[in-house]
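Numbering (the numbering used here), first residue to last: 1413 to 1844.
Some notes on the structure that comes next.
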């Protein structure tokens, strides 16, 4: 991949949670890497200077779950379209679940995804390898081979493993190779057929419900097996107050567990379903206001270390059936930053901690502690950088979104915060 020119980014507020930096400082880039923070290296002459006055300069964002739909569902989106949208959102690295067609359960498919992403060059794509063959929950995949093919984590996407013995063996195998298992915290039987939180709104609307216990039962089983095996697990998308509480208790006991939350879960609740808006059909479902507030508190306290888009682009037909029959999911890459900044505006997080939940938090979950290549700005490291205006107002619409997915409940909602430049390996992959 070609490397970009020599660049200087001047006059911006540089926020790098990995090093604790929050100050006005210049950034100098060459050969695809960070050369210096502050004063330029001796004799350095930039080919281009970006004036970041009034803007925030930070590491490129790391998204733990974004479906790109390719291979297999190109009618919904492609790797090219969605990584381009990711670049517009300041995301330089994203992890895609393995529920493609074919499933990412062999090194060949993992390498195919990475090669397509590298060819287009908008963002680094890290495929999550399947835990079981075909995601069928029966036979464990060759995890070591998937790791060697570039899969930093393993996942079942949204298909839970029903058999606890299979899950235990998978955790033991993963622990042997130092791999983290991404688990969707939903019991397959308790959640089966549901499309809404089991509560007053679902009852009034006659929608099949998914109880809180669907999450807490799955969390309890996974934590027990993680403690038994010593494996590292990550809950991909918590949605309940009790689930977050159980995670905090487990971490206090030393269990190797982490979690993220989809940003829309921190704003929307079961009340959004009142009009049968299919763009609000998500799994896990929007829960109660109390759940939403507890998740916000868990993010603020660091119990939940990462914010995630949980991007799921759909074609129009997928959202035009009766509510229970529509495909769940939101097109969410391009609202990742402005929704995070809403949490700052509402006092849930300060700006450095908000950026940490998009950079160092997810990077560590992927196995990149502070100072490694992801989620940091440090001399010698790849120049994956986001420069954004925290005050610019804009309205997401079908005309403004670059993603092929237009299924978002935030269309038409005035948001604040927009990316000005995104650099990937020192190359400008997005510029507004």
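The C-beta atom is built at its ideal place from N, Cα and C for all residues, glycine as well.
Here the structure is a predicted model, which is why all the values come from computation and not from measurement.
In three-state DSSP terms, what is residue 1828?
strand
One or two residues paired with residue 1735 in a DSSP bridge
BP columns for residue 1735 are empty, so no partner.
Within 10 angstroms of the Cβ of residue 1652, are there 16 or more other Cβ atoms? Answer buried if so, exposed if not.
buried
In chain order, what residues of the same chain lie with their CB nearer than 6 Å to the CB of residue 1459, ignoring the 5 residues before and after it?
1417, 1418
Alpha carbon of residue 1742 to alpha carbon of residue 1626, nearest angstrom:
21 Å
Determine the DSSP secondary structure at residue 1808, reduced to helix, strand or coil.
coil
Where the alpha helix (DSSP H) through residue 1816 begins and ends
Run containing residue 1816: none; DSSP gives neither H nor E here.
Just to confirm before moving on: does the CB-CB distance between residue 1672 and residue 1719 stay below 8 Å?
yes
Using 8 Å for Cβ pairs, my map puts residue 1746 next to residue 1835. What's the rounded Cβ distance?
No, residue 1746 and residue 1835 are not in contact; Cβ-Cβ is about 18 Å, not under 8 Å.
Let me make sure I understand the geometry here. Which of 1496, 1461, 1471 has the alpha-carbon closest to that of residue 1478?
1496
Consult DSSP for residue 1676 and reduce its assignment to one of helix, strand or coil.
helix
Alpha-carbon to alpha-carbon, residue 1501 and residue 1816:
14 Å
For residue 1471 versus residue 1512, is the C-beta distance shorter than 8 Å?
no
Would you report the Cα separation of residue 1607 and residue 1677, rounded to the nearest angstrom?
15 Å
In terms of DSSP beta bridges, what is residue 1651 paired with?
Bridge partners of residue 1651: none, in fact.
Residue 1601, DSSP secondary structure in three states
helix
Taking residue 1610 and residue 1621 to be in contact with their CB atoms under 8 Å, please state how far apart those CB atoms are, rounded to whole angstroms.
3 Å
Give me the DSSP bridge partner(s) of residue 1461.
1420
Using 8 Å for Cβ pairs, my map puts residue 1544 next to residue 1583. What's the rounded Cβ distance?
Going by Cβ atoms, the distance from residue 1544 to residue 1583 rounds to 12 Å, so no, they are not a contact pair.
Limits of the beta strand (DSSP E) - the one that residue 1792 falls within:
Note, residue 1792: premise wrong, no beta strand (DSSP E); not H, not E.
Where the alpha helix (DSSP H) through residue 1708 begins and ends:
1701-1713
Collapsed DSSP secondary structure at residue 1574 in the structure displayed:
coil
Inspect the beta-carbon positions of residue 1825 and residue 1807 and report whether they are closer than 8 Å.
yes
Residue interval of the beta strand (DSSP E) (run including residue 1742):
No beta strand (DSSP E) contains residue 1742, which DSSP labels as neither H nor E.
For residue 1507, which beta-bridge partners are listed by DSSP?
1538
Would you mind working out which of 1700, 1762, 1738 sits nearest residue 1711, comparing C-alpha positions?
1762
Check the C-beta distance from residue 1443 over to residue 1838 and give it rounded, since I have them as a contact under 8 Å.
7 Å
According to the neighbour-count rule (16 or more other Cβ atoms, all chains shown, within 10 Å of its Cβ), is residue 1656 buried or exposed?
buried
Could you give the first and the last residue of the continuous beta strand (DSSP E) run that contains residue 1448?
1445-1449
Mind checking residue 1703: buried by the 16 CB within 10 Å criterion, or exposed?
buried
Do residue 1566 and residue 1613 count as a contact pair if the criterion is CB distance below 8 Å?
no
From the DSSP output, read off the bridge partner residues of residue 1485.
DSSP, once it has assigned bridges, lists no residue as partnering residue 1485.
Under the three-state reduction of DSSP, which class applies to residue 1433: helix, strand or coil?
strand
Taking a contact to mean a Cβ-Cβ separation below 8 Å, would you say residue 1823 touches residue 1809 in this structure?
yes
Identify whether residue 1770 lies in helix, strand or coil by the three-state DSSP scheme.
helix
Which residues in the same chain as residue 1413 place their Cβ atom closer than 7 Å to its Cβ, once the five residues preceding and following it in sequence are excluded?
With a pLDDT of only 48 at residue 1413, under the threshold of 50, the placement of this residue in the model should not be trusted; the figure read from the coordinates follows. Cβ within range, chain order: 1530, 1533, 1837.
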